[in-house]
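Below is one structure, written out as structure tokens; the observations come after it.
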Amino acid sequence: MRYAVISDIHGNLPALNAVIDDAKRNFIDEYVFVGDYYCDLAYPNEVVNTIKNIKGAHVIKGNKEKYLDVLLNSDQSEWVYEQFAPLYWNYRELDDDNLQYLIGLPEDKKIQPPNSNHKMHLFHAPAFLFKSTNMDLLSSSKYVERMIQENFSHEEYLCYVQKILSSDDKIVKILDGLDTDIVIFGHSHIQWHAEIDTKVIINPGSCGLPLDYDKRAAYTILELNENAINILERRIPYNISDTICYTMKSELYINAKTWCDIIFHQLNLAKEEITFFFRHVESIAKKKNDYSRPYSTTVWKEAANSWKSN
Ligand SMILES: [Fe+2]
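Structure, rendered in structure tokens:
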């Protein structure tokens with residue numbers, strides 16, 4: 001069995017199409033999607049329709065889909081916060097059946113592949129692992145900070161991840177207690193995999209918004225033979241300008257210009273910026289002694305006007 005493991009599409013249809021074309025050329029049997037299908041780029045319905053049309057795909061929720069649960073039962077007259085403008089737009093843009101589809105997805109899923117001794121557990125951002133400070137070291141913002149200190153290759157990063165995780169007794173113990181030998185999750189937008197004792201961990205990176213200094217769409221092929229596990233990390237070029245031009249012409253851009261401009265910058269450089277922008281917003285709020293959260297329009301606008309992308 002060959003699985004295409006895909007995560008964090010973030011509304012980027014051209015990236016998803018490129019990944020699916022590559023997966024077909026690689027004789028994929030089944031598709032695994034581990035969350036964050038919409039938000040930052042302007043193709044929410046097209047992405048969801050594409051996933052829904054893949055027969056037998058394994059699909060779970062990401063944190064973006066969990067926001068829809070919150071918005072579903074809220075009063076739209078209170079949707080006034082600019083920091084949530086992309087979420088508001090996507091919620092209103094999603095067709096009813098697509099919205100219900102995303103809301104109805106499970107938060108995790110176990111897969112027992114046929115004729116195999118292996119078993120997979122899918123998550124978006126498994127809370128039991130993400131509590132560890134060592135997982136924080138693997139975040140996209142820490143990736144930028146490390147890269148600024150010392151340029152490193154993907155192979156060096158894989159060694160670093162392996163070292164960080166296998167030396168964390170708590171994580172090793174938690175993994176040991178799981179009844180599956182393959183754990184799959186996304187969320188950080190950084191592609192990696194590691195083997196910790198008898199467990200294999202796979203993060204396929206981000207299809208639609210990679211943040212590991214490689215702007216090609218990421219996904220990972222997982223091949224299961226009777227006893228062996230083969231992992232092949234793939235990076236697929238696609239036309240980033242198509243995604244940016246389409247989004248710039250959409251109402252998402254009119255509704256959330258600052259946000260989209262940062263996202264375009266992230267797309268072009270494959271480098272985390274939103275986290276640093278939020279730190280900037282926080283510093284402006286503190287200077288103004290404005291402790292209202294979500295951030296007030298005054299704070300958000302001042303932060304947007306004074307933000308300079310690196
Ligand atoms: Fe994401």
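Anchor point for the sequence shown: position 131 equals 131 in UniProt numbering, and the numbering is continuous, going up by one each time. A virtual CB, placed ideally from N, CA and C, is assigned to each residue, including glycine.
message: Nearest by alpha-carbon distance to H154: which of H193, V172, N12, D108 is it?
response: H193
message: Across the segment 202-214 and the segment 175-190, are there enough close Cβ pairs to call them in contact, namely three or more that are closer than 8 Å?
response: yes
task: Assign V80 to buried or exposed, taking buried as 16 or more other Cβ atoms, counted over all protein chains shown, within 10 Å of its Cβ.
output: exposed
- request: Could you tell me which uninterrupted beta strand (DSSP E) segments, each at least 3 residues in length, are contained entirely in the segment 213-298, listed from first to last along the chain?
  value: 217-224, 229-236
- prompt: G11: beta carbon under 7 Å from a heavy atom of ligand 1?
  reply: no
task: Take L72 as the anchor and find which of G104, V47, D108 has the nearest alpha-carbon.
output: G104
- request: Within the same chain, show all residues whose beta-carbon is closer than 6 Å to that of P126, passing over the 5 residues directly before and after it, in chain order.
  value: F185
message: With a threshold of 8 Å, are at least 3 pairs of Cβ atoms found where one atom belongs to the segment 163-178 and the other to the segment 125-144?
response: yes
- request: With a threshold of 7 Å, establish whether the CB of residue 311 neighbours any heavy atom of ligand 1.
  value: An answer regarding residue 311 cannot be provided, because it is not within the stretch 1 to 310 covered by the chain.
message: Tell me the residue span of the alpha helix (DSSP H) that contains F130.
response: 127-130
message: Can you check which of these residues, A228, E226, A57, D36, is closest to I111 by C-alpha distance?
response: A57
message: For a quick check, are the C-beta atoms of W89 and A256 less than 8 Å apart?
response: yes
- request: Would you tell me roughly how many angstroms separate the C-alpha atoms of S296 and F277, rounded to the nearest one?
  value: 15 Å
message: Tell me which residue opens and which closes the beta strand (DSSP E) that N203 is part of.
response: 199-204
- prompt: DSSP on F27, reduced to helix/strand/coil?
  reply: coil
task: Check whether the Cβ of G62 lies closer than 7 Å to any heavy atom of ligand 1, and answer yes or no.
output: yes
message: Looking at N203: is its Cβ nearer than 8 Å to the Cβ of L165?
response: no
message: Looking only at its chain, what residues have a beta carbon closer than 6 Å to the beta carbon of Y3, apart from the 5 residues adjacent to it on each side?
response: E30, V32, L222
- prompt: Cβ of D212 versus every heavy atom of ligand 1: is any distance shorter than 7 Å?
  reply: no
field: Any heavy atom of ligand 1 nearer than 5 Å to the CB - residues listed
entry: D8, D36
task: Give the C-beta separation of A42 and L252 to the nearest angstrom, bearing in mind that I take them to be a contact with Cβ-Cβ under 8 Å.
output: 5 Å
- prompt: Helix, strand or coil for Q191 per DSSP?
  reply: strand
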